[in-house]
Ligand code: ZN
């Protein structure tokens, strides 16, 4: 890996996209009926922050690649439904798609297969010495033979598997507000992969099971910190700073996969946390700083997308994140073109309009500081006291 992709030689980071994501939507009334990948790329481009060589067009994952995690009959069923443009009652029952949660859409197979391909390509970029970001990825609920929680193919699992195939120990960190149950399912018996997640307690949030502090997997390789509703910046920061430096120190991963769902942001219509954009970026900075590095100083880090149902918050978080991982210092104030792009998004779900007075001006939200609640401290303490990977 020596010398490849160093900052001096050019592009240390790459970002993935594909024209099909511009048209992609789960339908008007679905939480994923919003622009995400194209909006993120457009916003980043408004800063002039994607140079030639930094953008890579995603390729479709092959059936063989998808088959490393998914069942063959499931893959074939998704493919068939793209062609026939219909989903039978028996498929709906068996595979959990064709319903409101996981609806049929144009490019039913091609789109998730392309998102999955980019996470495999991204892993290969990391192996080659670059940081990679796949904003279309992060589909962490998908199971081997069933769609779940808006997710069809589990690109994060496939990305981790690609890194594992090089013999790397992988730490998968899930920022998303929801438990990454599909990823947990994939790696609960693999001592070379740790799946760490801070999420909304499943007593009140999807997927409504698992993700408890005592769920540690066959090799103590699951780290779960479920938190109550309404977590603010100071509480999230306390959890993050207590868990991750210890985990890196003890597990010593060779590479990190970071799922960067933005549904922890206070404005998210599905999330119940109250975290600001600034804290989201602080968490990304913390992870980047702890990451193992190549000899050229570039972190071995694959970033994938994830949930996030407020398109403007999502695009700003991911633009800021791209700035951090690509070694840029993006200004807080959006370029005029960027403001126009965000203002042009059809979105009228904001309940806190007053707060959004400067939504289109600043990339950042005000920090949401406050006391760290006893309940949160107790949960952090319970995790650290009982988890072998978090001892001193
Ligand atoms: Zn989520």
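Residue numbers (our numbering): 20 to 411. We put the beta carbon where it would ideally sit given N, CA and C, even for glycine.
Taking 8 Å as the cut-off, the C-beta of residue 329 does not count as close to any heavy atom of the ligand ZN. Here residue 235 really is in contact with residue 241; their C-beta atoms are around 5 Å apart, less than 8 Å. At least one heavy atom of the ligand ZN is found less than 8 Å from the C-beta of residue 282.
Residue 192 and residue 354 have their C-alpha atoms spaced approximately 31 Å apart. Between the alpha carbons of residue 116 and residue 107 lies a gap of roughly 10 Å.
Rounded to the nearest angstrom, the gap between the Cα atoms of residue 139 and residue 180 is 9 Å. With respect to the C-alpha of residue 165, the residue from 182, 153 and 90 having the closest C-alpha is 90. Annotation for residue 220 indicates a beta carbon at 8 Å or more from all heavy atoms of the ligand ZN. In the three-state DSSP reduction, residue 281 falls in the coil class, being neither helix nor strand.
With 16 or more other Cβ atoms from the protein chains shown falling within 10 Å of its own Cβ, residue 294 counts as buried. Listed in chain order, the beta strand (DSSP E) elements of length 3 or more contained wholly in the region 196-229 are 212-219.
A distance criterion of 8 Å places the beta-carbon of residue 332 beyond contact range of the ligand ZN, judged by its closest non-hydrogen atom. For the ligand ZN, a non-hydrogen atom lies closer than 8 Å to the CB of residue 195.
Looking at the DSSP output, residue 36 shares a beta bridge with 76. Inter-residue distance for residue 71 and residue 81 is about 27 Å (C-alpha atoms, whole angstroms). Taking the Cβ of residue 290 as the reference point, at least one heavy atom of the ligand ZN falls within a distance shorter than 8 Å. The beta strand (DSSP E) runs lying completely inside the region 250-320 and spanning 3 residues or more are 274-278, given in chain order.
Counting every other CB atom within 10 Å of its CB across the protein chains shown gives residue 131 a total of 16 or more, marking it as buried. By alpha-carbon distance to residue 395, the top candidate from 59, 284, 220 and 314 is 220. Residue 91 sits in a helix when the DSSP states are folded into three classes. In the DSSP assignment, residue 60 falls within the alpha helix (DSSP H) that extends over 56-65.
Residue state for residue 335 is assigned as helix, using DSSP reduced to three classes. Looking at the DSSP output, residue 352 sits in a beta bridge with 381. Taken atom to atom, the span from the alpha-carbon of residue 126 to that of residue 43 is near 8 Å.
Counting C-beta pairs with one atom in each stretch, the region 253-262 and the region 170-190 have fewer than three that are closer than 8 Å, which means they do not touch.
The shortest C-alpha to C-alpha distance from residue 387 to any of 54, 69, 284 and 84 is the one to 284. Rounded to the nearest whole angstrom, the CA to CA distance from residue 49 to residue 119 is 8 Å. Following the DSSP letters along the chain, one finds residue 131 inside the alpha helix (DSSP H) bounded by residues 129-146. Beta-bridge partners assigned by DSSP to residue 242: 215.
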